[in-house]
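Residue numbers (my numbering), protein chains in the order written: chain A, 1 to 337; chain B, 1 to 337. Built from N, CA and C at the ideal position, the CB exists for glycine as well. Since the structure is predicted, the reported quantities are computational estimates derived from the model, not experimental observations. As structure tokens, the structure follows; a few thoughts come after it.
Number of protein chains: 2
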Amino acid sequence: MISNTKKGLVPKNISAKAIIKKILAGDRVSLSRAITLIESSLYKDQILAQEIIEKCLPFSGKSIRIGISGIPGVGKSTFIEALGMYLTAKDKKIAVLAIDPSSERSKGSILGDKTRMEELATEKNAFIRPSPSNGSLGGVTKKTRESIILCEAAGFNTILIETVGVGQSETAAHSMVDCFLLLMIAGAGDELQGIKRGIMEMADLVVINKADGSNINQAKLAQGQYQNSLHLFPANESKWRSPVLTCSSITKSGIPEVWETITEYIDIINKNGYFTKRRQAQTKYWMYENINQSLLDRFYNDTEISKKIISIEKAVIDEKMNPFHAANILINEYFNK
Amino acid sequence: MISNTKKGLVPKNISAKAIIKKILAGDRVSLSRAITLIESSLYKDQILAQEIIEKCLPFSGKSIRIGISGIPGVGKSTFIEALGMYLTAKDKKIAVLAIDPSSERSKGSILGDKTRMEELATEKNAFIRPSPSNGSLGGVTKKTRESIILCEAAGFNTILIETVGVGQSETAAHSMVDCFLLLMIAGAGDELQGIKRGIMEMADLVVINKADGSNINQAKLAQGQYQNSLHLFPANESKWRSPVLTCSSITKSGIPEVWETITEYIDIINKNGYFTKRRQAQTKYWMYENINQSLLDRFYNDTEISKKIISIEKAVIDEKMNPFHAANILINEYFNK
Numbered sequence: 001m002i003s004n005t006k007k008g009l010v011p012k013n014i015s016a017k018a019i020i021k022k023i024l025a026g027d028r029v030s031l032s033r034a035i036t037l038i039e040s041s042l043y044k045d046q047i048l049a050q051e052i053i054e055k056c057l058p059f060s061g062k063s064i065r066i067g068i069s070g071i072p073g074v075g076k077s078t079f080i081e082a083l084g085m086y087l088t089a090k091d092k093k094i095a096v097l098a099i100d101p102s103s104e105r106s107k108g109s110i111l112g113d114k115t116r117m118e119e120l121a122t123e124k125n126a127f128i129r130p131s132p133s134n135g136s137l138g139g140v141t142k143k144t145r146e147s148i149i150l151c152e153a154a155g156f157n158t159i160l161i162e163t164v165g166v167g168q169s170e171t172a173a174h175s176m177v178d179c180f181l182l183l184m185i186a187g188a189g190d191e192l193q194g195i196k197r198g199i200m201e202m203a204d205l206v207v208i209n210k211a212d213g214s215n216i217n218q219a220k221l222a223q224g225q226y227q228n229s230l231h232l233f234p235a236n237e238s239k240w241r242s243p244v245l246t247c248s249s250i251t252k253s254g255i256p257e258v259w260e261t262i263t264e265y266i267d268i269i270n271k272n273g274y275f276t277k278r279r280q281a282q283t284k285y286w287m288y289e290n291i292n293q294s295l296l297d298r299f300y301n302d303t304e305i306s307k308k309i310i311s312i313e314k315a316v317i318d319e320k321m322n323p324f325h326a327a328n329i330l331i332n333e334y335f336n337k
Numbered sequence: 001m002i003s004n005t006k007k008g009l010v011p012k013n014i015s016a017k018a019i020i021k022k023i024l025a026g027d028r029v030s031l032s033r034a035i036t037l038i039e040s041s042l043y044k045d046q047i048l049a050q051e052i053i054e055k056c057l058p059f060s061g062k063s064i065r066i067g068i069s070g071i072p073g074v075g076k077s078t079f080i081e082a083l084g085m086y087l088t089a090k091d092k093k094i095a096v097l098a099i100d101p102s103s104e105r106s107k108g109s110i111l112g113d114k115t116r117m118e119e120l121a122t123e124k125n126a127f128i129r130p131s132p133s134n135g136s137l138g139g140v141t142k143k144t145r146e147s148i149i150l151c152e153a154a155g156f157n158t159i160l161i162e163t164v165g166v167g168q169s170e171t172a173a174h175s176m177v178d179c180f181l182l183l184m185i186a187g188a189g190d191e192l193q194g195i196k197r198g199i200m201e202m203a204d205l206v207v208i209n210k211a212d213g214s215n216i217n218q219a220k221l222a223q224g225q226y227q228n229s230l231h232l233f234p235a236n237e238s239k240w241r242s243p244v245l246t247c248s249s250i251t252k253s254g255i256p257e258v259w260e261t262i263t264e265y266i267d268i269i270n271k272n273g274y275f276t277k278r279r280q281a282q283t284k285y286w287m288y289e290n291i292n293q294s295l296l297d298r299f300y301n302d303t304e305i306s307k308k309i310i311s312i313e314k315a316v317i318d319e320k321m322n323p324f325h326a327a328n329i330l331i332n333e334y335f336n337k
């Protein structure tokens with residue numbers, strides 16, 4: 001089912017208690033409405049959203065959270081559909097969320113196009129939610145992180161977070177998932193071209209997609225090359241050496257192996273304590289991220305500051321004002337009014 | 001000359017005007033005292049420092065700013081001494097600054113040990129300043145950035161910024177230099193092991209140090225390998241393809257070529273406009289960095305907040321409180337008191 005942000009908004013006078021009860025019963029319309037509250041910029045919606053999140057929190061956490069990243073063109077949507085269909089067939093309940101701070105400009109290119117994931121969208125055990133269509137990266141990721149909690153409370157036990165291929169979204173996704181999967185394709189020419197090294201370093205699993213037809217050999221070749229590259233990175237705290245797999249989202253070959261590898265990874269980090277450690281670190285990180293984001297948002301959204309900052313920034317760029325003094329002027333204005 | 005932070009503090013009742021006049025005349029004792037003011041945590045020193053920086057600003061900017069980075073053991077100090085001696089012999093005026101947020105713990109391991117750079121330290125055309133020994137990374141880099149302005153106003157036309165080999169210091173240094181030089185050595189075994197890819201990506205120039213004696217062949221081999229790695233990165237906005245050189249800080253072989261390459265690079269980016277563009281972007285970045293840093297510092301140094309945050313963080317880690325709600329509680333407390 002695709003969650004719709006346009007219609008089905010929250011009816012007037014609905015109580016947090018009523019929504020929570022329905023979410024915990026697995027009602028997807030209520031889940032959808034609650035996420036709409038999270039995404040709302042209205043103060044009263046925010047209050048209601050916070051109450052719902054807090055009450056759902058004790059029922060959350062019992063899922064595997066998987067980040068799926070890769071540059072445009074690697075076939076993230078078809079991969080998610082293939083993996084999602086494989087999992088719903090195994091009676092898993094799948095929620096697909098997205099982090100795409102650019103979606104306002106691109107008008108929902110990510111997960112927003114309903115012709116994508118057509119098959120998965122009709123599955124009763126799948127819940128697909130487009131990326132919030134407004135806000136900064138910080139704002140969007142906060143909303144995604146909060147949505148995870150509600151999806152888990154509604155009984156979804158496998159959360160897939162899709163990101164677009166720009167560095168910061170990946171870092172944001174990495175900070176909220178248990179397993180970070182990097183999707184790639186075998187390119188003509190240089191296999192590593194254009195891939196930021198920082199993203200490969202974060203990957204718990206690399207999957208070469210489109211390993212089908214005449215592309216199979218090239219995919220196998222790329223697999224070897226990426227595997228060599230990954231060997232250059234020191235093993236991280238999880239003690240897991242990130243493997244490289246190949247798959248085809250069309251023929252479905254390799255999809256079961258992707259899932260087996262994910263569960264093997266989760267199993268290992270569950271046993272050695274890294275799973276819990278990572279989740280605790282993420283929770284702490286999110287508290288501080290949220291504080292920092294709030295402090296900055298309040299400052300930059302301040303009416304006086306946002307008026308004044310334009311001319312001050314210009315003076316700084318034109319070398320008429322020291323950037324440190326400029327900052328002091330604005331900070332003093334903000335706190336002394 | 002090594003600037004001393006311990007003695008020679010600013011005499012009482014000295015005016016900003018008097019210090020500025022002496023700095024502009026190239027007086028290094030006054031330069032040193034002004035940097036001490038920048039590093040001071042006293043409010044009245046900060047006010048005086050801001051005035052000096054602002055008045056010096058029109059006389060700053062006319063230098064080449066070079067960041068020098070590399071993991072411990074690559075020989076940064078001896079390299080800086082060799083390059084510095086080469087440049088002072090060419091009548092350049094060299095200032096050596098440092099970014100090392102860890103220097104409080106390591107008690108000034110970086111540039112703080114006066115037995116290092118002994119030769120350069122006695123040069124009248126060299127000014128060596130240890131890293132500020134307290135404060136967060138944000139604080140330390142702010143002080144370094146402000147010190148650059150004063151050194152330039154005092155007539156130093158080549159600024160070398162040394163960093164320790166941990167990711168964030170490099171990013172900070174990169175945001176204040178015209179040329180970012182990564183120093184490496186030919187290692188036994190895997191040449192790329194342990195080097196964060198993000199730092200290689202920032203390098204405008206990679207130099208393999210210790211290319212002397214029986215090490216020369218290995219250094220040449222490493223040069224080829226690093227050059228191949230760098231070819232994988234797309235050329236950045238400067239249109240410059242980062243080269244890999246070798247040198248020996250002991251025999252001095254390769255040092256002139258390092259300088260030639262730096263000047264060639266500066267020449268190219270001066271002509272294609274990237275130099276100015278990068279400096280403007282840096283200035284703007286520093287204004288916002290300073291605002292953001294101030295907002296966070298004020299919050300986390302708030303007496304009430306710093307008391308309360310410990311127990312709230314614990315509740316969050318123990319999953320007794322939602323990290324978003326925790327943040328809201330603290331933010332509301334901060335703004336409503």
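Using C-beta distances below 7 Å, list every residue in its chain close to residue i, excluding the 5 sequence neighbours before and after it, in chain order.
i, result
"B:E319", "none"
"A:D45", "L37"
"B:I20", "I52, K55 and C56"
"A:I268", "W240"
"A:R145", "M176 and W286"
"A:K307", "none"
"B:A235", "R241"
Cutting at 8 Å between CB atoms, please list the residues of its own chain near residue i, excluding the five before and the five after it.
i, result
"B:G84", "I94, V96, M117, L120, E123, A126 and L160"
"A:A16", "L48, E51, I52 and K55"
"A:G73", "I185"
"A:V207", "F79, L181, L182, L183, M184, V244, L245, T246, C247, G254 and V258"
"B:N338", "Since the first residue shown for chain B is 1 and the last is 337, residue 338 of chain B is missing from the structure and cannot be characterised."
"A:T158", "S63, I64, I66, L87, K92, K93, I94 and A95"
Here's a check: name, in chain order, each residue in its chain whose Cβ is nearer than 6 Å to the Cβ of residue i, leaving out the five neighbours to either side.
i, result
"A:N4", "Unreliable positioning characterises A:N4 in this predicted model, as indicated by a pLDDT of 46, which lies under 50. The coordinate reading is nonetheless provided below. No residues qualify anywhere along the chain."
"B:E39", "P132 and K143"
"A:F180", "G67, H174, M202, A203 and D204"
"B:E191", "Confidence at B:E191 is low in this model, with a pLDDT of 45, below 50, so its placement is unreliable and no value can be given for it."
"A:N336", "none"
Determine the extent of the alpha helix (DSSP H) in which residue i is found, giving its start and end residues.
i, result
"A:N272", "Element bounds for A:N272: n/a, residue is neither H nor E."
"B:R36", "One point to set straight first is that residue 36 of chain B is Thr, not Arg, in the sequence displayed. Per DSSP, B:T36 belongs to the alpha helix (DSSP H) from R28 to E39."
"B:I14", "Careful: B:I14 lies outside any alpha helix (DSSP H) and carries neither H nor E."
"B:V316", "T303 to I317"
"A:N209", "Element bounds for A:N209: not the alpha helix (DSSP H) but the beta strand (DSSP E), L205 to N209."
"A:G73", "Per DSSP, A:G73 belongs to no alpha helix (DSSP H) and is neither H nor E."
"A:F335", "P323 to N336"
"B:G224", "I216 to H231"
"A:A49", "Y43 to C56"
"B:E237", "Segment: none, B:E237 is in no alpha helix (DSSP H) and carries neither H nor E."
"B:A121", "E118 to A121"
Can you tell me where the beta strand (DSSP E) holding residue i begins and where it ends?
i, result
"B:S248", "That residue, B:S248, is in no beta strand (DSSP E); it is neither H nor E in DSSP."
May I ask you to list the residues that DSSP assigns as paired with residue i?
i, result
"B:M85", "Note: B:M85 sits in no beta bridge, so no partner."
"B:T163", "B:I99"
"A:R65", "A:I159"
"B:M258", "Per the sequence shown, residue 258 of chain B should be read as Val rather than Met. According to DSSP, which records beta bridges pairwise, B:V258 is partnered with nothing at all."
"A:C179", "A:I66"
"B:A126", "B:I94"
"A:M184", "A:I208"
State yes or no: is the beta carbon of residue i nearer than 7 Å to at least one beta carbon in chain C?
i, result
"A:F324", "Of the protein chains in this structure, namely A and B, none is chain C."
Cβ contact (3+ pairs, closer than 8 Å) linking the stretch 75-91 of chain B and the stretch 247-263 of chain B
yes
Pairing CB atoms from the stretch 242-255 of chain B with CB atoms from the stretch 200-213 of chain B, are three or more of them under 8 Å?
yes
Contact the stretch 149-158 of chain B vs the stretch 16-34 of chain B: 3+ CB pairs below 8 Å:
yes
Closer than 7 Å between beta carbons: that is the criterion. Which residues of the stretch 54-65 of chain A meet it against chain B?
E54 and L57
Assess, as a yes-or-no matter, whether the stretch 308-328 of chain B is touched by the stretch 47-57 of chain A under the definition of 3 or more beta carbon pairs within less than 8 Å.
yes
Where the stretch 284-295 of chain B meets chain A: residues whose CB sits under 7 Å from a CB there:
K284, W286, M287, N290, I291, N292, S294 and L295
Mind listing which residues of the stretch 211-245 of chain A have their C-beta closer than 8 Å to chain B's C-betas, in chain order?
L232 and P234
Where the stretch 172-186 of chain B meets chain A: residues whose CB sits under 9 Å from a CB there:
none
The stretch 134-157 of chain B: positions lying closer than 9 Å to chain A by Cβ
K142, R145, E146 and I149
Would you check if the stretch 301-320 of chain A and the stretch 279-289 of chain B touch, i.e. whether three or more CB-CB distances between them fall below 8 Å?
yes
Using Cβ-Cβ distances below 7 Å, what residues of the stretch 27-50 of chain B are close to chain A?
Q50
Check each residue of the stretch 70-85 of chain A: if its Cβ is closer than 8 Å to any Cβ of chain B, include it; give the result in chain order.
none
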